[in-house]
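Position one of the sequence shown corresponds to residue 1 (this note's numbering), numbered consecutively onward. Structure first, commentary second.
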Amino acid sequence: MFYKDSRNIYRVPELDGLAWLEHGFGTRLVNVPALMGRLALLKQVHSATCLAAEGRTGLIGEGDALVENTPGVSVAVRTADCLPILLVDERCRAVAAVHAGWRGTVAGIARHAVAALHARFGSKAADLHAAIGPGIGKCCYQVGPEVAGQFGENGHAHIDLAEANRAQLLEAGVTARRIYRSNLCTMCGAAEFHSYRRDREAAGRMVSYAGIQAAVQ
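Structural data, given as structure tokens:
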């Protein structure tokens, strides 16, 4: 079960046990500019592209997942209904931040991020923790036939993006007990979350991040 800390950032208790890790899922109540100076970010394009931060901060390039293992640098994604997913390799001490909307989910972004961690750092899926943060829930995410068909549904349907990404992570080899879902809907939770579907162009963005603490050797 996710919990909210004193900074209005959601955290995962199972990840708190990794003393070297910093992580969090931001809400609309967080001072985003205060976080930005130490984050690596992407121009998110709803793709299956994964990039490596390589110790850099700021805008790295175009894509929808960032991987990193450099102490002092956190990788991050910005969301307002799409899912933020954090992957953490406790053995190799590597992390990934993933932006998964419906297009990225269909393209397999979560699965590609697992593969990118393996290719870059030798991460094994069995060593990964995966946290699926707040996003639009099945309760609110009704789509038309064109999008529904991408998920094997007919006509207008309610899509469970979190479950679709959980299934991808399982297929990639992440163990079920290490996949954590927030079960928090951004559209329902107007007091805490930005939602593009609810607020359209007036919607802000929330920042979710993972990294290795600078003091870790």
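For glycine and all other residues, C-beta sits at the position ideal for the given N, C-alpha and C.
Smallest Cα separation from L59: which of S123, N69, T70 and A76?
For the residues S123, N69, T70 and A76, the minimum Cα distance to L59 belongs to A76.
How would you label S6, buried or exposed, when you count the other beta carbons within 10 angstroms and need 16 or more for buried?
S6 is exposed by the Cβ-count criterion.
Between the alpha carbons of I179 and S208, how many angstroms are there, rounded?
Distance between the alpha carbons of I179 and S208: 17 Å.
At which residues does the alpha helix (DSSP H) containing D199 begin and terminate?
Y196 to D199 is the span of the alpha helix (DSSP H), which, as asked, contains D199.
Using 8 Å for Cβ pairs, my map puts V95 next to E68. What's the rounded Cβ distance?
Yes, they are in contact, since the Cβ atoms of V95 and E68 sit about 6 Å apart, within 8 Å.
To the nearest angstrom, how far is it from the Cα of D89 to the Cα of C139?
Going from the Cα of D89 to the Cα of C139 covers about 31 Å.
Of the choices A202, A48, G55 and I85, whose alpha-carbon is the least far from that of R181?
Selected option, being the one with the closest Cα: I85.
Work out the CA separation of C92 and V73 for me, nearest whole Å.
Cα-Cα distance, rounded: 16 Å.
Between R120 and the ligand MG, is there a pair consisting of the residue's CB and a ligand heavy atom that are separated by less than 7 Å?
Ligands in the displayed structure: none, and consequently the ligand MG is not present.
What's the gap between the Cα of L128 and the Cα of M187?
If I take the Cα positions, the gap works out to 29 Å.
In terms of alpha-carbon separation, which member of A52, R56, G133 and V114 lies closest to T79?
Cα-wise, what sits closest to T79 is G133.
Considering just the uninterrupted stretch of the beta strand (DSSP E) at T105, what are its terminal residues?
Premise fails: T105 lies in the alpha helix (DSSP H), W102 to A107, not in any beta strand (DSSP E).
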